[in-house]
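Residues 7 to 417 in our numbering are what the first sequence spells out, letter by letter.
Using N, Cα and C, we set each Cβ at its ideal position, and we do this for glycine too.
Note that this is a predicted model, so its numbers are computed, not measured.
These notes concern the structure reproduced below.
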Amino acid sequence: MSIDEIFESAMVSKIFANREVLMPDYIPKELPHRESEIRRVASVLAPALRGERPSNLFIYGLTGTGKTAVIKRVMIKLVEAVSRNSSRVKPIYVNVKQRDTPYRVMVDLAESIGLRVPFTGLSTGEVYSRFTKKLSKMQGVYIIVLDEIDFLVKKHGDDLLYKLTRINEVIENAKVSLVGITNSVSFVEELDPRVKSSLGEEEIVFPPYNAEQLKDILETRAAKAFKPGVLDEDVIPLCAALAAREHGDARRALDLLRVSGEMADRLGDDRVTRRHVLMAREEIERDRVGEVVRTLPLHSKLVLASVTALTMGGRTYATTGEVNSYYRELVKKLGLESITLRRLSGILGELDMLGLISARVISKGRYGKTRIIELSSDPEAVIKALGDDIELAPVIGEIARNALGKRGSMR
DNA sequence: CCTCCACAGGAAGCGCAGGAGT
DNA sequence: ACTCCTGCGCTTCCTGTGGAGG
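The structure is reproduced here in structure tokens:
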């Protein structure tokens, strides 16, 4: 295929009419099965149009239940209403998971009102006071949305949150209300009671979608995204069913549908079939694993490599102690300094949170307490991603060969 | 019923890089 | 040039603990 042909075929898809509609950051006009949530959010924020401060709002719901889409949709509508109305409302959206330190969140907030702040070098307090100073001189209602706020609190406490809930006492003209969005319901219990009561003036819970509802969502999007008649009839139900298994995550369902389409496109097929969905599912998993693994620090990679090596072949799990001794051998081979057991234990916890491994603590009575560690992602994807790190090449090669050997002997 | 293993996981703090202000 | 700030990966020191074996 010539370059021209590649570009040509990339421009005219046989499958997609408008792929954008399936992208994670696309905010649709219609959000099926979220009508009542939209109404509630809108009615909480509506006082902003009269120049009053809306109540602070807390939104709970698992990932992919439409929290972000709903709040963004309402904000868009709010801004539209404002331009007709002449009052001044400014929504500020920060995804805390991507900016997961108090400092970076403050930087985002500051930048959103037109302050220029360095990404390091100042104290958080300094950025905060510049922020309030500027805000004092401004007019209007500011709605600060902190998405996935639990990540910030879990790692750095609720200090910043506490300050933000009290910001109205400090500033003069502008009014600020907060919208907190969280995936974890239990997280609220860990908050300072003052923060809890202030932030939870209004609360809305987003229930997960069931397979039927996911189907509706996929169908409305698919109607815009795909050319007519390219989807096999069992594609959407399959995407919906697979995502419903993952606690009704709409984002996963949409990803699956989009990647299925991309698969068909890439293979030059005219229709999207069940087969493409199954391929898409694997590809998504590989991508996720690859990306997470690649950004890991060196010793985390080594720990992961140890877990992988130990859990391949006959063994299904390893204990912390086993991982530690394997890890120390790897380190020795590479001529590096090893980390302590305490740190290794912490890394295992982190890898667990990232979903690369699954670890649960058990007691073996007389023989102590330990973690039972399993690899919860595709070993080949992990090895491949680890192999991209040149520093690890010598040891990964051996582990990979070992894995292939063991699999071969099992056949 | 008590012990004691093999760790879990909290707390504090260190050294470094990147950067601001003075 | 100097001090002070942050995040990050890490260490040191520590207390806590489920349950098999005595």
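Looking at the DSSP output, R377 sits in a beta bridge with V367. Burial is judged here by how many other beta carbons sit within 10 angstroms of a residue's own beta carbon; M81 has at least 16 and is buried.
Around D222, the same chain offers P38 and H39 as residues with beta carbons nearer than 8 Å, after the five sequence neighbours per side are excluded. DSSP, reduced to helix, strand and coil, places D255 outside both helices and strands of the structure shown, so it counts as coil. Comparing C-alpha distances from T74 to each of Y32, L342 and R94 shows the shortest one belongs to Y32. Taking 7 Å as the cut-off, the beta carbon of L128 is found no closer than this to the beta carbon of I150.
Pairwise C-beta distances place the segment 43-51 out of contact with the segment 231-248, as fewer than three of them are shorter than 8 Å.
With 16 or more other Cβ atoms from the protein chains shown falling within 10 Å of its own Cβ, E268 counts as buried. The segment 313-345 is shown to contain whole alpha helix (DSSP H) runs of 4 or more residues at 326-340, in chain order.
Here K370 is exposed, its C-beta having fewer than 16 other C-beta atoms within 10 Å.
The residue from A406, K307, V329 and V111 with its alpha-carbon nearest to that of L316 is V329. Three or more beta-carbon pairs drawn from the segment 335-343 and the segment 396-404 are found closer than 8 Å, and the two stretches are therefore classed as touching. For L152, there is no enclosing alpha helix (DSSP H); the enclosing beta strand (DSSP E) covers residues V147 to D153. In this structure, D255 keeps its C-beta atom at 7 Å or more from the C-beta atom of R280. Linking L392 to K35 through their CA atoms gives a straight-line distance of about 41 Å. Taken through DSSP and simplified to helix, strand or coil, G206 comes out as coil.
For I98, the enclosing beta strand (DSSP E) stretches over residues V95 to N101.
Excluding five sequence positions before and after S266, the CB atoms of its chain that fall closer than 6 Å to its own CB belong to V278, H282, V283 and A286, given in chain order. For V47, there is no enclosing beta strand (DSSP E); the enclosing alpha helix (DSSP H) has its first and last residue at E41 to L51.
N62 is classed as buried because its beta carbon has at least 16 other beta carbons within 10 Å across all chains shown. Note that the segment 54-71 touches the segment 209-219; at least 3 beta-carbon pairs, one per stretch, sit closer than 8 Å.
Selection E11, L28 and V18 evaluated against L262 yields L28 as nearest (Cα-Cα).
If you look at Y66, you'll find it in the beta strand (DSSP E) that goes L63 to G67.
In terms of Cβ geometry, T376 and T301 do not form a close pair [threshold 7 Å]. Considering only L55, S49, T107 and V76, the residue with the shortest C-alpha distance to R90 is L55.
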